[in-house]
Amino acid sequence: MENASVSSAQLSQWSAEQFVIRTLNSSDVQNVRALHTELVPSAPALRPAFFHQFLTHPTHLCLIATLPSSDKPVACIAVSVHVPTSDLTTKRTALPPVEVHVLALGVLPAFRRRGLATRLLYTATAHLRALATKAPQLPSKHTTACSSTRIHSDVSRADSTARAFWKHVGLLEEEKVAPHYESWAGGWRDVVSVAGPIASAA
Numbered sequence: 001m002e003n004a005s006v007s008s009a010q011l012s013q014w015s016a017e018q019f020v021i022r023t024l025n026s027s028d029v030q031n032v033r034a035l036h037t038e039l040v041p042s043a044p045a046l047r048p049a050f051f052h053q054f055l056t057h058p059t060h061l062c063l064i065a066t067l068p069s070s071d072k073p074v075a076c077i078a079v080s081v082h083v084p085t086s087d088l089t090t091k092r093t094a095l096p097p098v099e100v101h102v103l104a105l106g107v108l109p110a111f112r113r114r115g116l117a118t119r120l121l122y123t124a125t126a127h128l129r130a131l132a133t134k135a136p137q138l139p140s141k142h143t144t145a146c147s148s149t150r151i152h153s154d155v156s157r158a159d160s161t162a163r164a165f166w167k168h169v170g171l172l173e174e175e176k177v178a179p180h181y182e183s184w185a186g187g188w189r190d191v192v193s194v195a196g197p198i199a200s201a202a
């Protein structure tokens, strides 16, 4: 999916700030599904419905990154806010963190090591928090600017690149049973869960 008009020399000069990052729209779904297949060929193809939820739900968000000269994505992130099943905290209890689940995060190999995945993570988290303030599913205390942000994701134990990235941004690994929601990890049997705060994402 790399833009054929971009030379190897030009690729080495790209930084995270030079990519166009925008929200997913319906016309992008086919290209993003193809991106997923290219990045995770061993995983089952994601259903279109997986992406359609990011077009309609205020607690879900998908961002894609493209080159300025192309609409085809070279990277993608899909995130959702965890909706608590109960709210048992009192007014004297510290504000609970906003828990953001990263369901998908991938960058084509030619565009890695430029800070793009980190930029996507922080941008998506900040935008999702802003969207979530209007979501009736979430208690107001979970969407205030004062509350912290906790990131959660599932990765294949064999994916050393992904595990190194999450360690780089400060997340810790913990043992995890098979995910209960559909994610890019859906085809993996041996999954590691990563979780932790990223203060600058709020």
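Counting in full-length UniProt numbering, the sequence shown tops out at residue 202, every number present.
Where is the CB? At the ideal position from N, CA and C, for every residue including glycine.
- Taken in chain order, the unbroken stretches of alpha helix (DSSP H) that lie wholly in the segment 99-176 and span 4 residues or more are 116-132 and 160-168.
- L55 sits in a helix when the DSSP states are folded into three classes.
- Under the 8 Å Cβ criterion, the segment 46-64 counts as touching the segment 17-37, having at least three qualifying pairs.
- Per DSSP, the continuous beta strand (DSSP E) segment holding H60 begins and ends at H60 to T66.
- Assignment of R22 by DSSP, reduced to helix, strand and coil, places it in the strand class.
- Considering only P96, T123, K134 and A132, the residue with the shortest C-alpha distance to L105 is T123.
- When secondary structure is reduced to three states using DSSP, V29 falls in the helix class.
- H152 is a Cβ neighbour of H101, given a cutoff of 8 Å.
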